[in-house]
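Everything below concerns the one structure shown next.
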Amino acid sequence: SAVISQKPSRDICQRGTSLTIQCQVDSQVTMMFWYRQQPGQSLTLIATANQGSEATYESGFVIDKFPISRPNLTFSTLTVSNMSPEDSSIYLCSAWAVGVQRGDTDTQYFGPGTRLTVL
Amino acid sequence: TQLLEQSPQFLSIQEGENLTVYCNSSSVFSSLQWYRQEPGEGPVLLVTVVTGGEVKKLKRLTFQFGDARKDSSLHITAAQPGDTGLYLCAGYRTDSWGKLQFGAGTQVVVTP
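Respectively, the protein sequence lines represent chains A and B.
Following this note's numbering, the numbering of the first sequence begins with 10 at its first residue and continues without gaps.
Following this note's numbering, the numbering of the second sequence begins with 48 at its first residue and continues without gaps.
Dropping the structure here:
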């Protein structure tokens, strides 16, 4: 299994500023992802954080708005740039661990999320 | 894009009642996952179903994967207030390795 922590857990920010969210995994993982979730709603994938290369963004999300870093196999950051109230959401980091033993299924673990409010 | 449709969107029941949540798609998935999420927390994996027709039980929760691997259901017997949460089904996309496609979620509220 993998335990994921995120910092900060919540923040209130002013319009036009930027916030960097940190994601730490307690073990090396194959892939890391960043999601956005409106309260009570489902998850929307923002991008895949690739170790040692640029992130891969989903349709509707761009690097200038959501720059991502992944310097090693256990850590990633997501920055929400030039924020507007529409960016108010919960941002979740996840890690995908390939099954390491026969019969294991690949499992995706999630961090607790960062609740962002933009005024 | 593979779409997962969940129903119902919202379910409010009394303690002790049973409930079923459905997850349907027109696409075949190699596996489907069910997650439960509580306020202020990330989704927590409940189960992964892999084989068509598979049934898995987790205490009072029963998960079924359709024979054609296009649909799944979650049945809770004798629901308790601790079962309250957002239930999400998800399947691995076939276009991109490791990426999950989530259903819209079902908010379940169990009142004492």
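Where is the CB? At the ideal position from N, CA and C, for every residue including glycine.
Just so it is clear, the structure is predicted and the values come from calculations on it, not from any experiment.
If you compare alpha carbons, which of the options is closest to residue i?
i	options	result
residue 159 of chain B	B:134, B:139, B:129, B:102	B:129
residue 75 of chain B	B:96, B:108, B:60, B:125	B:96
residue 41 of chain A	B:85, B:154, B:146	B:146
residue 93 of chain B	A:125, A:14, A:119	A:119
residue 53 of chain A	B:157, B:155, B:135	B:135
residue 126 of chain A	A:98, A:106, A:117, A:104	A:98
residue 155 of chain B	B:77, B:86, B:106, B:132	B:132
residue 54 of chain B	B:72, B:61, B:126	B:72
residue 125 of chain B	B:66, B:151, B:50, B:51	B:66
residue 89 of chain B	A:105, A:20, A:128, A:100	A:100
residue 45 of chain A	A:88, A:105, A:128, A:106	A:88
residue 68 of chain B	B:56, B:77, B:115	B:56
residue 77 of chain A	A:105, A:33, A:56, A:27	A:56
residue 105 of chain B	B:114, B:123, B:98	B:123
residue 11 of chain A	A:71, A:84, A:49	A:84
Should residue i be flagged as near chain B, meaning a C-beta pair shorter than 7 angstroms?
i	result
residue 105 of chain A	yes
residue 121 of chain A	yes
residue 52 of chain A	yes
residue 101 of chain A	yes
residue 111 of chain A	Low per-residue confidence applies at residue 111 of chain A: pLDDT is 45, beneath 50, and the placement is therefore not dependable enough to give any value.
residue 117 of chain A	yes
residue 40 of chain A	yes
Starting from residue i, trace the beta strand (DSSP E) in both directions and tell me its first and last residue.
i	result
residue 93 of chain B	91-96
residue 123 of chain A	123-127
residue 84 of chain B	79-84
Mind reading off the beta-carbon distance from residue i to residue j? Whole number of angstroms is fine, and I expect it under 8 angstroms.
i	j	result
residue 30 of chain A	residue 123 of chain A	5 angstroms
residue 241 of chain B	residue 70 of chain B	Nothing can be reported for residue 241 of chain B, as the shown portion of chain B is limited to 48 through 159.
Looking at chain A, is there any beta carbon in it that lies within less than 7 angstroms of the beta carbon of residue i?
i	result
residue 110 of chain B	no
residue 149 of chain B	yes
residue 51 of chain B	no
Please give the ranges of any beta strand (DSSP E) in the segment 11-79 of chain A, keeping only runs that are unbroken, at least 3 residues long and fully inside the region. 13-16, 19-22, 28-34, 40-46, 52-58
Return the chain-ordered ranges of every beta strand (DSSP E) run that is complete within the segment 104-141 of chain B and spans a minimum of 3 residues. 108-112, 118-123, 132-139
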